[in-house]
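This report refers to the structure that appears directly beneath it.
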Amino acid sequence: MLSLGFALAGLAWTYAAYALFAAPGSLPAPRTVGTGVAMLGWSVGLTCLPLLLLLFPDGRPPSRRWRFVVWADFVAGAVLLIVIPSTPGRSFFAPVKNPLGMGGVAGDATITIATAMAYVLFATVFLSALSLVIRYAGRAE
8 MLSLGFALAG LAWTYAAYAL FAAPGSLPAP RTVGTGVAML GWSVGLTCLP
58 LLLLLFPDGR PPSRRWRFVV WADFVAGAVL LIVIPSTPGR SFFAPVKNPL
108 GMGGVAGDAT ITIATAMAYV LFATVFLSAL SLVIRYAGRA E
């Protein structure tokens, strides 16, 4: 899923670049694909990255105490999948405005929620990498 998410984001950017700049009007909905689908791909990829690090090499967290990282990752990823398509303005990675973005107070709320969930995902990536360091430092002794 990690590779699939990042591949989806790359495909969406390529699709949007071709439809907007190389052959304008040749493909349908380039702005929607370039912003909404690309950001969905990134959120799926970023949701799976901590799981790859945390569950390596045997498919289980190092101990029961690390399960909160898995749950935080799943919750933040699920909220991002719901909120990202309606986030207004330009996405972080696309040069065009999101045509599905909401305006006003709802748009501000989606930006705030998406930013908070992105910080949670980055924290889970850091904690998952830390779990690998702790796991392998314990084996070296």
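With the numbering used here, you'll find the sequence shown wraps up at 148, consecutive numbering, no jumps. Beta carbons are placed, not taken as given, at the ideal position from N, Cα and C, and that holds for glycine. Fair warning: this is a prediction, and the values are worked out from it, not measured in the lab.
> By the 10 Å Cβ neighbour count, where 16 or more other Cβ atoms means buried, how is residue 20 classified, buried or exposed?
Replying inline: Result: buried.
> Taking all protein chains shown into account, do 16 or more other C-beta atoms lie within 10 angstroms of the C-beta of residue 44, making it buried, or fewer, making it exposed?
Replying inline: With 16 or more other Cβ atoms from the protein chains shown falling within 10 Å of its own Cβ, residue 44 counts as buried.
>> Is it buried or exposed, residue 214, if we count other Cβ atoms within 10 angstroms and call 16 or more buried?
In response: Given that the chain is displayed from residue 8 to residue 148, the structure contains no residue 214 and the question cannot be resolved.
> Among 68, 38 and 126, which one has its Cα closest to the Cα of residue 92?
Replying inline: Shortest Cα-Cα distance from residue 92 to any of 68, 38 and 126 involves 38.
>> Alpha carbons only, please: which of 18, 54 and 86 is nearest the one belonging to residue 128?
In response: When only C-alpha atoms are compared, the closest one is 54.
> Taking the alpha-carbon positions, what's the residue 35 to residue 26 distance?
Replying inline: Rounded to the nearest angstrom, the two C-alpha atoms are 8 Å apart.
> How many angstroms separate the CA atom of residue 22 from the CA atom of residue 86?
Replying inline: Residue 22 and residue 86 have their C-alpha atoms spaced approximately 26 Å apart.
>> I'd like the list of long-range same chain contacts for residue 76, defined as Cβ closer than 8 Å, with 5 residues on each side in sequence excluded.
In response: Around residue 76, the same chain offers 57, 61, 68, 131, 134, 135 and 138 as residues with beta carbons nearer than 8 Å, after the five sequence neighbours per side are excluded.
> Buried or exposed: which applies to residue 49, given that a residue is buried once 16 or more other Cβ atoms fall within 10 Å of its Cβ?
Replying inline: Buried: at least 16 other Cβ atoms inside 10 Å.
> Closer than 7 Å, CB to CB, is residue 124 near chain D or not?
Replying inline: Included in the structure is just one protein chain, with no chain D present.
>> Beta-carbon within less than 7 Å of residue 96's beta-carbon, same chain only, minus the 5 sequence neighbours each way: which residues are those?
In response: Apart from the 5 residues on each side of it in sequence, residue 96 sits with its Cβ closer than 7 Å to the Cβ of 104, 105 and 108 in its chain, given in chain order.
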